[in-house]
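This report concerns only the one structure given below.
Residue numbers (the working numbering), protein chains in the order written: chain A, 3 to 320; chain B, 24 to 273.
Structure representation (structure tokens):
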């Protein structure tokens, strides 16, 4: 049997496999380039970028939790001009680059998209309407379906590149927000961003994070993320990029079986920089073991199987 | 990421251990290693530990049992493997001066021990000022005494050496006629005080900082400290440090 086909399409992007690093955990790629061959990735998702440089939040910005990590980086980034220079250095890897776009206002997001609209170095935009560490923009946008719809529509008018909307889990009905993004013209949705949380230092008797609250990521959030990918992929017709606590191929496969066309790996990279490569290899091995020719065949398979089972049970009852 | 076998793992005090690992690493003094504590997801992050010493076919770490992660590390036995990422970060800068003054507070001795040995081997005069809460926390001071030119001790409770902070030991050195380089590692307040005193004498100090890290390679921006020379700018402790000129961080 020939090697399984790992190709997936996200909007106009053709990815040679469904595995990418998650924005915010991978800088602009350079930090991890000495640890593994970036050309093996399905895509490279770079840091949330704003038009002008952002300083980020005051430290402390990190708090480790049980099987998780709280962060309140606050989208520190060097701004569009310096980001572009960094992104251009990634061209020789031959991997599509997805730019995570951030801002305080709708105009901010549009300025970033306009700046990169004609840049070949960027193949897709990921609208970050889900950063929990901002007072304006970020999650404040992503929790309101109407704002998500309007921002997505505006962004869509500015670019022909693939447009992804990154969703916040800090909502009651994430499918409603995903549908708003789809209605606004998004080519895909990615989820989840971090869950809002906090930690308190009992010796100092004050919050650990200078920002008080932060975003929770890591294995601790995986069941929540998986449930949301399941719900969103049932609701929308556009591809879903699943993420949240993926640490290995088995975790990635859970998301794919739940309905994700591709997956992103974030926090796990901090412990094991090779997690993306190991996930690619593990997915390949799984497809071989299960005699499946293409990864596309197992996208959402758990839902199909579950639906079939339910149908059988109902037939059995009648 | 490489697995290294533990050759020895000894208690140096009730709250600190010394661990020797088999293998060769190309570390300069001041660099650190990201040590994986557990194969499971808890604790999730690696623990950054300074390279305490480095030889041809082995290297060592000295750590204080400060929380759950280091308590779990303390349980590892001779023959176990430790998964390590690194060496990481930028180490202590070289000095062209013949004399170096090293100032350690408690577990801050960890990276300065390796620096002291390297400087001594280069023929430099190494004056080591070592302070801690009590004598027991002057970790590996006997081994240190064998490699440095002068070792001056201070304890907060007066159990050994000067009764007072290590910064008091510094006083007599400002009048020193020879020029010397200053390196320091220890609690943030100690480093801040040394930096303040040094600035008063128009001197710089190379300080090694400790903050919570996540990635250790400069990607996550979680470990930053403010750049005092540029408002709104930060340094990544893991990749632009952990050693900084005191003037830019204090």
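Glycine is no exception: its CB is placed at the ideal position from the N, C-alpha and C atoms.
Predicted, not measured: the structure shown is a model, and the values here were computed from it.
One question on the structure: do residue i and residue j come within less than 8 Å of each other, judged by their Cβ atoms?
| i | j | result |
| --- | --- | --- |
| residue 129 of chain A | residue 103 of chain A | yes |
| residue 88 of chain B | residue 143 of chain B | no |
| residue 126 of chain A | residue 166 of chain A | yes |
| residue 77 of chain B | residue 50 of chain B | yes |
| residue 58 of chain B | residue 72 of chain B | yes |
| residue 200 of chain A | residue 172 of chain A | no |
| residue 34 of chain A | residue 49 of chain A | no |
| residue 6 of chain A | residue 295 of chain A | yes |
| residue 258 of chain A | residue 301 of chain A | yes |
| residue 349 of chain A | residue 15 of chain A | Since the first residue of chain A shown is 3 and the last is 320, residue 349 of chain A is not available in this structure. |
| residue 193 of chain A | residue 218 of chain A | no |
| residue 115 of chain B | residue 52 of chain B | yes |
| residue 81 of chain B | residue 30 of chain B | yes |
| residue 298 of chain A | residue 10 of chain A | yes |
| residue 156 of chain B | residue 136 of chain B | no |
| residue 181 of chain A | residue 237 of chain A | yes |
| residue 124 of chain A | residue 143 of chain A | no |
| residue 159 of chain B | residue 36 of chain B | yes |
| residue 186 of chain B | residue 100 of chain B | no |
| residue 204 of chain B | residue 120 of chain B | yes |
| residue 240 of chain A | residue 265 of chain A | no |
| residue 118 of chain A | residue 93 of chain A | no |
| residue 273 of chain B | residue 235 of chain B | no |
| residue 189 of chain B | residue 152 of chain B | yes |
Near residue i, what residues of its chain come up, given a Cβ to Cβ distance below 6 Å and the 5 sequence neighbours on each side ignored?
| i | result |
| --- | --- |
| residue 75 of chain A | 58 and 63 |
| residue 109 of chain B | 56 and 57 |
| residue 215 of chain A | 198 and 200 |
| residue 100 of chain A | 45, 47, 126 and 128 |
| residue 131 of chain B | 208 and 209 |
| residue 314 of chain A | none |
| residue 162 of chain A | none |
Using a Cβ-Cβ cutoff of less than 7 Å, which residues in the same chain neighbour residue i once the five nearest sequence positions on both sides are dropped?
| i | result |
| --- | --- |
| residue 220 of chain A | 69, 70, 71, 247 and 269 |
| residue 274 of chain B | Given a span of 24 to 273 for chain B in the structure shown, any question on residue 274 of chain B remains unanswerable. |
| residue 111 of chain A | 103, 105, 129, 153 and 157 |
| residue 27 of chain B | 44, 45, 46, 104, 105 and 107 |
| residue 172 of chain B | 148, 149 and 150 |
| residue 279 of chain A | 38 and 42 |
In its own chain, which residues sit with a C-beta less than 8 Å from the C-beta of residue i, not counting the 5 before and 5 after it?
| i | result |
| --- | --- |
| residue 37 of chain A | 275 and 276 |
| residue 283 of chain A | 251 |
| residue 155 of chain A | 186 and 187 |
| residue 212 of chain A | 59, 60, 61, 62, 63 and 74 |
| residue 256 of chain B | 249 and 250 |
| residue 85 of chain A | 30, 48, 49, 51, 79 and 101 |
| residue 66 of chain B | 60, 91, 92 and 95 |
In chain order, what are the residue ranges of uninterrupted alpha helix (DSSP H) at least 4 long that sit wholly in the segment 117-203 of chain A? 141-144, 147-160 and 176-185
Using a Cβ-Cβ cutoff of 7 Å, what residues of the segment 110-125 of chain A are near chain B? List them in chain order. none
If contact means a Cβ-Cβ distance below 8 Å, which residues of the segment 73-85 of chain A contact chain B? 73, 75 and 78
With a floor of 3 residues, list each beta strand (DSSP E) that falls wholly inside the segment 181-269 of chain B, ordered by position along the chain. 204-208, 229-231, 247-249, 257-259 and 266-268
Between the segment 273-284 of chain A and chain B, which residues of the former have CB atoms less than 8 Å from a CB of the latter, in chain order? 273, 274, 275 and 276
Given 8 Å as the limit, is there contact between the segment 59-69 of chain A and the segment 238-257 of chain B, that is, 3 or more CB pairs closer than that? yes
Selection of the segment 48-67 of chain A by Cβ proximity to chain B, strictly under 7 Å: 57, 58, 61, 62, 63, 64 and 66
Check each residue of the segment 60-94 of chain B: if its Cβ is closer than 7 Å to any Cβ of chain A, include it; give the result in chain order. 64, 65, 66, 67, 68 and 69
Report the residues of the segment 241-257 of chain B with a CB closer than 8 Å to any CB of chain A, ordered along the chain. 241, 242, 243, 244, 245, 246, 247, 248, 249, 255, 256 and 257
Threshold first: 4 residues or longer. Then list the alpha helix (DSSP H) segments lying entirely within the segment 3-64 of chain A, N to C. none
Under 8 Å: do the segment 94-101 of chain B and the segment 130-145 of chain B share three or more Cβ pairs, one atom per stretch? no
With 8 Å as the limit, tell me which residues of the segment 98-115 of chain B have their beta carbon closer than that to any beta carbon of chain A; keep them in chain order. 108
Just checking, does the segment 234-241 of chain B make contact with the segment 255-262 of chain B on the three C-beta pairs under 8 Å criterion? yes
The segment 214-238 of chain B: which residues have C-beta closer than 9 Å to a C-beta of chain A, in chain order? 234, 235, 236, 237 and 238
Short of 8 Å Cβ to Cβ, which residues in the segment 247-271 of chain A face chain B? 249, 269 and 271
Any chance you could list the alpha helix (DSSP H) runs of at least 4 consecutive residues sitting entirely within the segment 89-135 of chain B, in chain order? 91-96
Which of the residues in the segment 18-50 of chain A, read from start to end, lie with their CB under 7 Å from any CB of chain B? 27, 28, 29, 33 and 34
Residues from the segment 204-231 of chain A in contact with chain B, defined by Cβ distance under 7 Å: 220 and 221
Ignoring anything shorter than 3 residues or poking outside the segment 155-183 of chain B, list the beta strand (DSSP E) runs there in chain order. 173-178
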